[in-house]
Ligand SMILES: Nc1ncnc2c1ncn2[C@@H]1O[C@H](COP(=O)(O)OP(=O)(O)OP(=O)(O)O)[C@@H](O)[C@H]1O
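Residue numbers (the UniProt record's numbering): 1 to 250.
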């Protein structure tokens, strides 16, 4: 990992407008106070419980949404592409057509797409399904297509939202190997996952989010051990509360 910072967030917050009743809306702060740096060439894992703000954070790094409070800084002329399930595909178009469209959206030139479409097809392992409408694909097949395009598009920052856990063993092995290749080639990767095995085997550092706040961003083993310990303690707490409730009810 180099010392060169490619992205930085300082006390960043993001709010979504949510419906709170008839003709009433309020703001929900999905990210409240998030600070971290992303270094060129590192693989940063992002962990946290459901709703902690991980996907929102990736969208912020990609520049899809800008913070409503705090600041972010991006290295100028840095491309970032977000690979997430169910994002961006048009169901009525074929895998090939969607691959072309996604490639363009990820910043590839027409020439680049033309020269790489066979590699995308091959990596996806979709065979004849590549020519069929994406609306007929399973979740795992969509993940294969998305991953194949993103890997070939080769952006400066590759943002991956929980797609590694989807798909069959063959896809998992292949996508892990492709990720490993990116990591070894000094690509900057941000990986959101609930799988501590994937995080531990692929990431240099880990950012732990809790209820929209960054708890810590540090070495992988240190952060994942703390996260697992806190999950164990929360579970033990829950059990104590449950048994206390049962005793009180007797
Ligand atoms: N478009 C939206 N409009 C309103 N609220 C949203 C929107 N997207 C996300 N949220 C809310 O923001 C919070 C953070 O969501 P986010 O998807 O970033 O969490 P996450 O950590 O990725 O969750 P998970 O692990 O379950 O995928 C959640 O409470 C969610 O309900």
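Where is the CB? At the ideal position from N, CA and C, for every residue including glycine. Since the model is a prediction, treat every value here as computed from it, not as a measurement.
Checking the 8 Å criterion, the Cβ of residue 96 is out of range of every heavy atom belonging to ligand 1. For the 9 Å CB-CB criterion, residue 6 and residue 59 do not form a contact. Taking residue 71 as the centre and dropping the five residues before and after it, the same chain places the C-beta of 10 closer than 6 Å to its C-beta, in chain order. The beta-carbon distance between residue 108 and residue 153, rounded to whole angstroms, is 5 Å. This is short enough to meet the 8 Å contact definition. Between residue 31 and residue 56, the beta carbon gap of about 6 Å places them in contact (Cβ cut-off 8 Å). By the 16-neighbour rule on beta-carbons within 10 angstroms, residue 232 is exposed. Residue 206 and residue 52 have their C-alpha atoms some 14 Å from each other. Here DSSP, grouped into helix, strand and coil, assigns residue 124 to helix.
Judged by their CB atoms, residue 157 and residue 80 are nearer to each other than the 9 Å cut-off. Remark: the C-beta of residue 131 is outside contact range of ligand 1, defined as less than 8 Å to any heavy atom. Taking a contact as a CB-CB distance under 8 Å, the pair residue 29 and residue 48 does not count as one, their CB atoms being some 15 Å apart.
Every residue whose beta carbon comes nearer than 6 Å to a heavy atom of ligand 1 appears here in chain order: 16, 18, 28, 30, 48, 50, 51, 52, 53, 54, 55 and 56. By DSSP's assignment, residue 18 forms a beta bridge with 26.
Using a Cβ distance threshold of 9 Å, residue 126 and residue 106 do not count as a contacting pair. By the neighbour-count criterion, in which a residue is buried when 16 or more other Cβ atoms sit within 10 angstroms of its Cβ, residue 113 is buried. Inter-residue distance for residue 4 and residue 40 is about 6 Å (C-alpha atoms, whole angstroms).
The Cβ atoms of residue 189 and residue 209 do not sit closer than 9 Å to each other.
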